[in-house]
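Under our numbering, the letters of the sequence shown match residues 559 to 957, in that order.
Here the structure comes first, spelled out in structure tokens, and everything after it is commentary.
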Amino acid sequence: MNLSDEEALQNFLLDIDCLDELLPWTKRFNLFDVLKISRMEIRHSNMLAWLLNPNENHGLGDAFLKAIVQIVVQNDDNGRYNILETLLMDFYSFVVYREWKNIDILLVSDAEKFLIAIENKIDSHEHDNQLKKYRDVLAKDYPDYTKMRLYLTPDGEEPSDTNYWDVLSYRDVVEALSDQKNAIEMASDVALVVENYLDVLRRDIVEDEKLVEICNKIYAKHRKALDLIFEYRVDGRTRLVDIVKNVLATLSRENMIIADTSSNASFLSFHTSAMNECLTPLKDANGSWGSECVYTYWLAVQEEKICGIFEIGGWNVPEDEMRIMQRMIDIEKPNDKRRNEFRYKRLFRTGWHRIEECDNIEEAVSDCVKRVIDELLKKEDKLLRRLKESPIEEGKFPM
């Protein structure tokens, strides 16, 4: 049904109660929002150091630390840890340090001759061979200790020093912490803080599948009205989005990307020729995004920074392409337990790139967008090369 703009807005207003489903995310008090620290890396490290310390006053004892260690041991495919010895340690013997020689979180047990180092990244990426430097420091200062080195990121990003660091995702943190919160009775004030922290992780750090589902349902039902609202609202973000769209169009004309003509203020998407060869568009517009596409790149624009995201869509995908998707998941998110049935799955993202302050805003935004897309294309090239190096069974990688 083709609705006029007026009819689309009228239908949205008559169905305005559909937004009530978002109230649990928009109306609930959250301490971390009040303090404006929901995405501050250092504050997350402080919170995690407190929760991981068995001797702190949170009431969890060693349960959360033990749960995290158990996740790492279960995902260990390299035989780094003796399962029984590791899980039967005296976790109360660990001492927790923050920013010890620049390592975000360090837990050391002299009694067990065991240490756990955690490098925490939320909106940034490792730089200057950080992980190798930290490994060398730990080897020098704790030569006889068994070392568990954890690279903690929102999506379980692979570390550069992959032979020595284990992957840990914030999804793992959410699952472990929520399990322990439900199993252990805590003081009311502590329970509130922990619940607030879990809410922030689900909403801002880990993709909240329920929230995504509700937002997509509302958007699918009132797409025209919501696009109109975003298109004509007047604020700084509108100007920023318009500039980003123009940059995408320019890069498309230069054959660097393929800009999505259906992009709007809330979904600035594009595709690439190389990925189209790998994941061929569908014949009908019945994919996850209501189009022929089975994947998308899109840019998230937030205040004065931009990041890029790559996602695959699992709806109505042919068997051959689903095998390719499963191999991509093996490469990018090997510990993903939700791989069989999904509508959207985020495989990788860039860090947040800040728009530099200068007199020419168009030039600054263009430079930022190009940096983000360059990082995405490097990740794409790495993924496609790894696919070619490990062909998919029962089919050939289409290149």
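Heads up, the beta-carbon is just placed ideally off N, CA and C, and yes, glycines get one too.
A quick note: this is a predicted structure, and the numbers were derived from the prediction, not measured.
Sequence-distant residues of the same chain with beta carbon closer than 7 Å to residue i, five excluded per side
{"i": "K954", "result": "Note that K954 has pLDDT 42, beneath the 50 cutoff, so the model's placement of it is unreliable and no number is given."}
{"i": "Y703", "result": "K671, F672 and L673"}
{"i": "K624", "result": "F649"}
{"i": "V732", "result": "L756, L759, R760 and V764"}
{"i": "E947", "result": "none"}
{"i": "D894", "result": "I887"}
{"i": "S846", "result": "G871, G872, W873, R901 and Y902"}
{"i": "T720", "result": "none"}
{"i": "C916", "result": "A922"}
{"i": "V695", "result": "K659"}
Closest Cα partner of residue i within the set the options
{"i": "C865", "options": "F900, N898 and R912", "result": "R912"}
{"i": "P612", "options": "V695, D573, Q738 and D747", "result": "Q738"}
{"i": "W873", "options": "E850, M814 and D888", "result": "E850"}
{"i": "D573", "options": "L609, T908, A607 and Y777", "result": "Y777"}
{"i": "K841", "options": "D800, A745 and P876", "result": "P876"}
{"i": "A734", "options": "L567, D620 and R896", "result": "D620"}
{"i": "L753", "options": "L580, L609, D932 and S562", "result": "Checking the sequence, you will find Glu at residue 753 rather than Leu. Per the Cα distances, L609."}
{"i": "S651", "options": "S667, L561 and E643", "result": "S667"}
{"i": "N633", "options": "P892, E920, I919 and A922", "result": "P892"}
{"i": "L861", "options": "V631, N813 and L798", "result": "The identity of residue 861 in the sequence shown is Glu, whereas the question assumes Leu. Checking every option, the nearest Cα to that of E861 belongs to L798."}
{"i": "A566", "options": "R601, L786 and A607", "result": "L786"}
{"i": "A749", "options": "A669, N615 and Y655", "result": "N615"}
{"i": "D578", "options": "I772, N813 and K782", "result": "I772"}
{"i": "S562", "options": "Y728, K782 and A669", "result": "K782"}
{"i": "L606", "options": "E835, P839, D730 and T838", "result": "D730"}
{"i": "K928", "options": "N834, I600 and E812", "result": "E812"}
{"i": "A741", "options": "I919, F622, Y639 and S820", "result": "F622"}
{"i": "L580", "options": "T819, E920 and N774", "result": "N774"}
{"i": "A669", "options": "A922, M647 and I680", "result": "M647"}
{"i": "T796", "options": "S746, D635, V859 and G848", "result": "V859"}
{"i": "S820", "options": "N834, D747, G848 and R638", "result": "G848"}
{"i": "I600", "options": "F868, D635, E933 and R656", "result": "R656"}
{"i": "Q568", "options": "L784, R638 and E715", "result": "L784"}
{"i": "D932", "options": "I919, G637, E920 and F868", "result": "F868"}
Residue i vs residue j beta-carbon contact at 8 Å
{"i": "F906", "j": "K863", "result": "no"}
{"i": "V802", "j": "L826", "result": "yes"}
{"i": "Y709", "j": "D724", "result": "yes"}
{"i": "R904", "j": "D713", "result": "yes"}
{"i": "A807", "j": "A817", "result": "yes"}
{"i": "S924", "j": "V805", "result": "yes"}
{"i": "E879", "j": "L941", "result": "no"}
{"i": "S603", "j": "I641", "result": "no"}
{"i": "V654", "j": "T644", "result": "no"}
{"i": "K698", "j": "A675", "result": "no"}
{"i": "S736", "j": "T711", "result": "no"}
One or two residues paired with residue i in a DSSP bridge
{"i": "V654", "result": "L665"}
{"i": "A675", "result": "L664 and R707"}
{"i": "F828", "result": "A817 and Y855"}
{"i": "H911", "result": "I864"}
{"i": "L786", "result": "Bridge partners of L786: none, in fact."}
{"i": "Y902", "result": "G871"}
Chain-order list of residues whose beta-carbon lies under 6 Å from that of residue i (same chain, five-residue window excluded)
{"i": "M883", "result": "I870"}
{"i": "N844", "result": "N874"}
{"i": "F900", "result": "G872"}
{"i": "C576", "result": "I776"}
{"i": "Y692", "result": "I661"}
{"i": "H780", "result": "F570"}
{"i": "C926", "result": "I864, H911 and I913"}
{"i": "I626", "result": "A734"}
{"i": "R897", "result": "I887"}
{"i": "K679", "result": "T711"}
{"i": "L665", "result": "F652, V654 and I674"}
Same chain only: Cβ atoms within 8 Å of residue i, ignoring 5 sequence neighbours per side
{"i": "V930", "result": "L857, I864, C865, G866, T908 and H911"}
{"i": "L689", "result": "E677, R707, Y709, P717, S718, D719, Y722 and W723"}
{"i": "T830", "result": "I815, I816, Y855, L935 and E938"}
{"i": "M744", "result": "H616, G617, L618 and V752"}
{"i": "S810", "result": "I816, A817 and F828"}
{"i": "Y639", "result": "V630, V631, T704 and M706"}
Contact test: residue i Cβ vs the ligand ATP heavy atom, cutoff 7 Å
{"i": "E643", "result": "The ligand ATP is not part of this structure, which contains no ligands at all."}
(message) Give the list of continuous alpha helix (DSSP H) stretches no shorter than 4 residues that lie fully inside the region 708-780.
(response) Runs of the alpha helix (DSSP H) inside the region 708-780: 728-741, 746-758 and 767-779.
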